[in-house]
Every structure is written in C-alpha cells, then in structure tokens.
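Participant: One structure follows; several queries about it will come next.
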Amino acid sequence: MARTLIFLMAILSALFLSGCGYNTLQSTDEQIKASWAEVLNQYKRRADLIPNLVSTVKGFASQEKDVLLNVTNARSKVGSIQASPDLINDTDAFTKFQKAQGDLTSALSRLLVVVENYPELKSDENFRDLQAQLEGTENRITVARNRYIKAVQEYNTVVRSFPSNLTAMLFGFQTKPSFTVENEQEISTPPNVEFDAPKIPEKQSANHHTSTFYTALMTVDFRTI
C-alpha cells in the first residue's frame, strides 16, 4: 500500500512539475549554457589570434606602438576576467566581461584602420591568413551571440510567466543577463573584415574605404546589458 501511494505521489509530482513549466525551465536553461559556452569559445578564439596579429603588424608598422599597445592591453584585460559558465549567473561579472570585450573590439577596430596605411602589410601572406581567420571568428561570434540572445529571451519569458514563475521561484531559477544592442537588426549581420577595398578617387579621404568595416564593427554595443 505504501509503495502504491509513493508511486502515485511521484506521478502526481511529475505531472505537476510538467504542467508548471519545470521541464521547460530545465531545457531552456540547458540551451543557455550551451549557447554561452559557444560564445566564450569564439571570444577565446579571437583573443588567441591577437598575439600573432600584433606581431605581424609590428613588423611593418612598429611606429604604431600606441595602437598596438592598446590592443595588447585590451586583450590582457579580457584575460584577467575569469570566463566561466557561472558568469551568466552574476550580472556584475557579466557586465565587466562584456565591457572588456567591447574595449578589445574598439582597440582592434582602430588597429585595422591603421593597417590601411601600409600596403606592404596588407599584401603579406601571414597577415592575409590572419585576416581570414579574424573574419571567420567575427562571423562565429555574431552567430553565437544571436543564439545566446534567443535562448535567454525564451528562458526569461518562462521564468517571468505564470504559472511557471512559481516553479522558477520554488527551484531557484532566475533571469539571465543578455546583450543589449543599440540596433537589434544590426547584430544579425556579422562585421565585414575586408581590407581589399576598391580604389577611390584621390579627392576622397585615404581612410574612406575603412569606414564600412569600422562602422559595422562598432554597431554592437558590448558595454551594456
């Protein structure tokens, strides 16, 4: 009799939890963890490219030491923040991490503008290989961020909606921080890392053909959540 009662209680509990969104909370939480892991992976990939990028640029443009130092310092700041799966459970840590990534993005964009002044550097095989890797990484960062944003939106909706919000309170599910962008449409388009722009008339600015990349790269606001 006792076993039967326990069995019935287990069934009722399962039905209750399912009806109150527990399973959805669990599955969406796992989606967030997976998408965040990919975001971290792609940011790390970008950071790993920077030493070779700086070294290559330095070989052709050593006088640009301030720009190179800014990139190196920004990368060091990113590396000083522990990028762990638990970071998305700490809003302050998440904010600091995204601020550091934003500073690195800004430093990289300034470096890539400077590159336009060195034709020999642009034609260097090693640099062009790094260019291709950076372009691919920026694309993957955009995709990973979009997936994370979508996962967080779905999860937070469940956490805040009745009756699943009661289940969330009972089992400690809390809303997760997400990226905030000034133009949400822009985030779906990865920045175009392109150094081979067509020639322009001399009367135009020499840096005109860098503006497309610079503008695209800076449309993502990494500093706020």
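Here the sequence shown is numbered in our numbering, starting from 1 and rising by one per residue. Even glycine gets a Cβ: it sits at the ideal position worked out from N, Cα and C. These figures come from a predicted structure and were not determined experimentally.
Going straight from the alpha carbon of THR105 to that of SER27, what length do you get?
Facilitator: Approximately 32 Å between the Cα atoms of the pair.
Participant: Any idea what DSSP makes of ILE81, helix, strand or coil?
Facilitator: Reduced to three states, the DSSP call for ILE81 is coil.
Participant: Classify LYS150 as helix, strand or coil using the three-state DSSP reduction.
Facilitator: Helix.
Participant: Let me know the alpha helix (DSSP H) ranges lying completely inside the region 93-180, each 4 residues or longer, listed in chain order.
Facilitator: You should have 119-122, 125-160, 164-171.
Participant: Taking DSSP as the reference, what is the three-state secondary structure of GLN26?
Facilitator: DSSP places GLN26 in helix when its eight states are reduced to three.
Participant: Give a yes or no on contact between the region 70-79 and the region 161-173, applying the rule of three or more CB pairs nearer than 8 Å.
Facilitator: Too few Cβ pairs lie closer than 8 Å, so no.
Participant: Mind checking ALA100: buried by the 16 CB within 10 Å criterion, or exposed?
Facilitator: Buried, because 16 or more other Cβ atoms sit within 10 Å of the Cβ of ALA100.
Participant: With a Cβ-Cβ cutoff of 7 Å, do GLU38 and ALA144 count as a contact?
Facilitator: Yes, the Cβ-Cβ distance between GLU38 and ALA144 is below 7 Å.
Participant: Keeping to the same chain, check which residues put their C-beta closer than 8 Å to that of PRO201; ignore five residues upstream and five downstream.
Facilitator: Residue placement at PRO201 is flagged as unreliable, the pLDDT there being 41, under the threshold of 50; a coordinate-derived value is accordingly withheld.
Participant: Alpha carbons only, please: which of THR137, TYR155, LEU170, LYS96 is nearest the one belonging to GLU30?
Facilitator: Taking only the C-alpha atoms, the option nearest GLU30 is TYR155.
Participant: Helix, strand or coil: which one does DSSP assign to LYS199?
Facilitator: Caution applies to LYS199, whose pLDDT of 42 falls short of 50 and renders its modelled position unreliable; the value that the coordinates give is listed next. Looking at LYS199 - three-state DSSP - the assignment turns out to be coil, as it is neither helix nor strand.
Participant: Apart from the five residues just before and just after ILE81, which ones in its own chain have a Cβ nearer than 7 Å to its Cβ?
Facilitator: The answer, listed in chain order, is LYS96, PHE97, ALA100.
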